[in-house]
């Protein structure tokens, strides 16, 4: 799916600004050693039942990515420590304090997670021996929080040969017969806490494109189908923040699932300088009779309008 060029170039600049390299975590040389992905022709990616849903989703991306790279089958399995023995050499993925699997691995192997515990968007990944009953060896990806785990997965995907731009810019996936995860792959807290983009002046370029691609010419173009691809790209670029399309768009109105989708992926939403309290103004203001947009003469309605906006996003990440 080839993105309109100006938007793609803008995001490319974001990638250069957000580069938070972890060093070389992947090798394609059989002599390098390390943890061979799907050494037997298939592999399981294990996640705990109490893991963040957004991490489970990203684990699915990771499994698909490595399957495409290697031509072998990787599947995500929701499991507990007592059933993990169904796979002798799995990849175990989880978040500190939000994964019973990771808690069991840390307890049984004395895996040192002190460098990421309590940190923002940090992760550590390495091979461990006998992490769970019946499991000989595993590669463990541990995040300090939801996005930390997700970033660890996408780092391994990218180094294995899947560009963050595989969908938006049709960047081909690099194929390798053997992929090895080597040494310890880790990253601490990013220097910039919130990193992202805003979608502005989107008409006619990306709005017309989204109208064609995601709505068949009907309905709002900036719906959950559009934003799912945006959110995935941001996470693959190790970003976490977005101001949505706002010229004629109303993020929380155009598609009632947009807000929940951002929260599910792990994207923090914001709004531009002219959209206070998470409301697309004047678009939302003009949808029903409220009087003039004037706090001096219409304070009661303006305050109510702002309050409704804040209440609408109270359970989501918002900045």
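In mature numbering (1 follows the signal peptide of the UniProt record, and there is no 0), the protein residues as written are -19 to -1, 1 to 300. C-beta: ideal position from N, C-alpha, C; glycine also. Note that the coordinates shown come from a computational prediction; the quantities given were computed from them, not determined experimentally.
{"Check": "Going by DSSP in three states, residue 176 sits in which element: helix, strand or coil?", "Outcome": "coil"}
{"Check": "What does the Cβ neighbour count give for residue 30, buried or exposed, with the cut at 16 atoms within 10 Å?", "Outcome": "exposed"}
{"Check": "Would you kindly report the start and end of the unbroken beta strand (DSSP E) that includes residue 167?", "Outcome": "166 to 168"}
{"Check": "Give me, in chain order, the residues of the same chain whose beta-carbon lies closer than 8 Å to that of residue 275; leave out the 5 immediate sequence neighbours on both sides.", "Outcome": "283"}
{"Check": "Can you grab the Cα-Cα spacing for the pair residue 107 / residue 123, in whole Å?", "Outcome": "9 Å"}
{"Check": "Please state whether the Cβ-Cβ distance between residue 180 and residue 212 is less than 8 Å.", "Outcome": "no"}
{"Check": "Assuming residue 163 contacts residue 6 under a Cβ cut-off of 8 Å, what Cβ separation, rounded to an integer in Å, is found between them?", "Outcome": "7 Å"}
{"Check": "Just the C-alpha distance for residue 50 and residue 43, rounded to the nearest angstrom, thanks.", "Outcome": "11 Å"}
{"Check": "Considering only the beta carbon of each residue, do residue 255 and residue 228 sit closer than 8 Å?", "Outcome": "no"}
{"Check": "Determine, using beta-carbon pairs with one atom in the stretch 183 to 198 and one in the stretch 51 to 64, whether at least three such pairs fall under 8 Å.", "Outcome": "no"}
{"Check": "Measuring straight from C-alpha to C-alpha, what distance separates residue 25 and residue 18?", "Outcome": "10 Å"}
{"Check": "Strictly by DSSP, which residues pair up with residue 216?", "Outcome": "In the DSSP output, where bridge partners are listed per residue, residue 216 has none listed."}
{"Check": "In chain order, what residues of the same chain have a beta carbon less than 6 Å from the beta carbon of residue 271, not counting five sequence neighbours either side?", "Outcome": "282"}
{"Check": "Can you name the residues that DSSP bridges to residue 59?", "Outcome": "28"}
{"Check": "Going by DSSP, which residues form a beta bridge with residue 224?", "Outcome": "179"}
{"Check": "Can you find the residues in the same chain that come closer than 8 Å, C-beta to C-beta, to residue 294, ignoring five residues on each side of it along the sequence?", "Outcome": "233, 240, 250 and 259"}
{"Check": "Do you know how far the Cα of residue 84 is from the Cα of residue 91?", "Outcome": "10 Å"}
{"Check": "DSSP on residue 41, reduced to helix/strand/coil?", "Outcome": "helix"}
{"Check": "DSSP three-state label for residue 250, please.", "Outcome": "strand"}
{"Check": "State buried or exposed for residue -3, treating a residue as buried only when at least 16 other CB atoms are found within 10 Å of its CB.", "Outcome": "For residue -3, the predicted structure reports a pLDDT of 45, less than 50, and the residue's modelled location is therefore unreliable. The matter cannot be settled from this model."}
{"Check": "What are the boundary residues of the alpha helix (DSSP H) that residue 342 is part of?", "Outcome": "With the chain covering only -19 through 300, there is no way to say anything about residue 342."}
{"Check": "What is the rounded straight-line gap between the Cα of residue 146 and the Cα of residue 89?", "Outcome": "38 Å"}
{"Check": "Please state whether DSSP places residue 120 in a helix, a strand or coil.", "Outcome": "strand"}
{"Check": "For residue 292, does the three-state DSSP call read helix, strand or coil?", "Outcome": "helix"}
{"Check": "Whole-angstrom Cβ separation of residue 125 and residue 98, contact assumed at under 8 Å?", "Outcome": "7 Å"}
{"Check": "Compare the beta carbon distance of residue 103 and residue 169 with 8 Å and say whether it is the shorter of the two.", "Outcome": "yes"}
{"Check": "Any heavy atom of the ligand ADP within a distance shorter than 7 Å of the CB on residue 78?", "Outcome": "The ligand ADP is absent from the structure shown, which contains no ligand whatsoever."}
{"Check": "Going straight from the alpha carbon of residue 303 to that of residue 48, what length do you get?", "Outcome": "In the structure as shown, the chain starts at -19 and stops at 300, and residue 303 therefore has no counterpart that could be examined."}
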